[in-house]
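Per numbering that gives the first Met the number 0, numbering of the sequence shown is gapless, rising by one per residue and ending at 121.
For every residue, glycine included, the Cβ atom is placed at its ideal position computed from N, Cα and C.
Computed from a prediction, not measured in an experiment: that's the story for all the values here.
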Amino acid sequence: MSDLLTFKEMCERFDVTPRTLRYYEYIELLSPQKEGRSRFYGPREIARMTLILRGRRFGFSLEESRQWLQIYDQKGTQEQNRVWIELADRQLGILRAQRDELDSAIEDLRQLRDQGSPPLDS
0 MSDLLTFKEM CERFDVTPRT LRYYEYIELL SPQKEGRSRF YGPREIARMT
50 LILRGRRFGF SLEESRQWLQ IYDQKGTQEQ NRVWIELADR QLGILRAQRD
100 ELDSAIEDLR QLRDQGSPPL DS
């Protein structure tokens, strides 16, 4: 069992709350081994958790991550990679648009600050 993590170890390793980990199990993102009331997470679940958290960081929904992980189980690596490229391209467009909006807001705020006028003066 040395390559397995306990529930507590999994929470600590990935800096998630027990509630989050249980929720990921509930929505079938993770399927730990169970012995009585104890849960143990092997290499597969650790890899899946890494991918789930990366997906969250990049702005993917949990449902998108769940569907993407299911593709591997149902259709294999080649199809999963193809879908990944489509998802990544779409998300890159969304992130670029968000960055453009942020850049615009930063510039507007900088100009207001430099003018010395509060944002409510119009």
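- Taking DSSP as the reference, what is the three-state secondary structure of Ser30? Counted from its first residue, the sequence shown places residue 30 at position 31. It is coil, neither helix nor strand.
- Message: Considering only the alpha carbon of each residue, which of Phe6, Asp88, Leu108 lies closest to Glu34?
- Response: To locate residue 34, count along the sequence shown from 1; it is residue 35. When the alpha-carbon of Glu34 is set against those of Phe6, Asp88, Leu108, the nearest one is in Phe6.
- Cα separation between Gln69 and Phe59? As a first step, residue 69 must be located in the sequence shown, where it is residue number 70. As a first step, residue 59 must be located in the sequence shown, where it is residue number 60. So the two alpha carbons sit approximately 15 Å from each other.
- The beta strand (DSSP E) spanning Ser37 covers which residue range? The sequence position of residue 37 within the sequence shown is 38, counting from 1. For Ser37, the enclosing beta strand (DSSP E) has its first and last residue at 37 to 40.
- In chain order, what residues of the same chain have a beta carbon less than 7 Å from the beta carbon of Leu52, not counting five sequence neighbours either side? Taking the sequence shown and counting its residues from 1, the one referred to as residue 52 is at position 53. For Leu52, where only same-chain residues beyond five positions count, the Cβ hits under 7 Å are Phe13.
- Message: Give the list of continuous alpha helix (DSSP H) stretches no shorter than 4 residues that lie fully inside the region 2 to 31.
- Response: Given a length threshold of 4 residues, each whole run of the alpha helix (DSSP H) inside the region 2 to 31 is given here in chain order: 6 to 13, 17 to 25.
- Over what stretch of residues does the alpha helix (DSSP H) that includes Ser60 continue unbroken? Looking up residue 60 in the sequence shown gives position 61. Here Ser60 belongs to no alpha helix (DSSP H), and DSSP marks it neither H nor E.
- Item | First through last residue of the alpha helix (DSSP H) which encompasses Ser103 | Within the sequence shown, numbered from 1, the residue matching residue 103 stands at position 104. DSSP places Ser103 in the uninterrupted alpha helix (DSSP H) bounded by 76 to 114.
- Task: Return helix, strand or coil for Leu50, following the three-state DSSP convention.
- Result: In the sequence shown, counting from the first residue as 1, residue 50 sits at position 51. Here Leu50 sits in helix by DSSP.
- Query: In the structure shown, what three-state DSSP assignment does Leu119 receive?
  - Reply: Here the question's residue 119 lines up with position 120 in the sequence shown. Leu119 sits in coil when the DSSP states are folded into three classes, being neither helix nor strand.
- Query: Apart from the five residues just before and just after Gln73, which ones in its own chain have a Cβ nearer than 7 Å to its Cβ?
  - Reply: Working through the sequence shown from its first residue, we reach residue 73 at position 74. Sequence-distant partners of Gln73 (beyond 5 residues in either direction) whose C-beta falls short of 7 Å from its own C-beta are missing from its chain.
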